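> Remember, the working numbering sits 8 above the position in the sequence shown when you count from 1. Where a beta carbon is used, it is the ideal one built from N, C-alpha and C, also for glycine. Since the structure is predicted, the reported quantities are computational estimates derived from the model, not experimental observations. This is the structure, below, for whatever I ask next.
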Amino acid sequence: MSLQHKAHAWIGRPVGVSLKDGTGTSGILCNIQGGSIYVIEYLYHTQFATKHYRLDQIQDILPFPQCPQPTLYPAQPLY
9 MSLQHKAHAW IGRPVGVSLK DGTGTSGILC NIQGGSIYVI EYLYHTQFAT KHYRLDQIQD
69 ILPFPQCPQP TLYPAQPLY
């Protein structure tokens, strides 16, 4: 399955993007259009940016896993 077809299922979800140059990024996959993906990424404070990456720059795109369920322990008395 091509990277483009694989990624279509993850539009609107948080993803990690591994680039062929050894770097990577993460954010919400917004769109796939014209041979590029568009990812909204957090910058700092209240700023976000939509960035695009060409499909030929990308090694892989993976959806974020679900959060694990916390292990609950019985409360211990404080005395």
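Name the two residues that bound the continuous alpha helix (DSSP H) containing K14.
As a first step, residue 14 must be located in the sequence shown, where it is residue number 6. 11 to 16 is the span of the alpha helix (DSSP H), which, as asked, contains K14.
> Could you check whether the stretch 12 to 28 touches the stretch 68 to 76, counting it as contact only if at least three pairs of C-beta atoms, one from each stretch, sit closer than 8 Å?
Contact holds: three or more Cβ-Cβ distances are below 8 Å.
> So within the stretch 13 to 59, which uninterrupted alpha helix (DSSP H) runs reach at least 4 residues, ignoring any that extend past its ends?
Fully enclosed alpha helix (DSSP H) runs of 4 or longer: not present.
> Verify whether the separation of the beta carbon atoms of L27 and S44 is less than 8 Å.
Here residue 27 refers to the residue found at position 19 of the sequence shown. Here residue 44 refers to the residue found at position 36 of the sequence shown. Cβ atoms of L27 and S44: not closer than 8 Å.
> Select from G32, A57, G42 the residue whose C-alpha is nearest the C-alpha of I66.
Residue mapping note: residue 66 aligns to position 58 of the sequence shown, counting from 1. The residue with the shortest Cα to Cα distance from I66 is G32.
> Which of the three DSSP states, helix, strand or coil, is assigned to L70?
On the sequence shown, position 62 is the one that residue 70 refers to. L70: strand per DSSP, three-state reduction.
> Do the CB positions of Y46 and H60 come within less than 8 Å of each other?
Counted from its first residue, the sequence shown places residue 46 at position 38. Counted from its first residue, the sequence shown places residue 60 at position 52. Yes, the pair counts as a contact, with Cβ atoms nearer than the cut-off.
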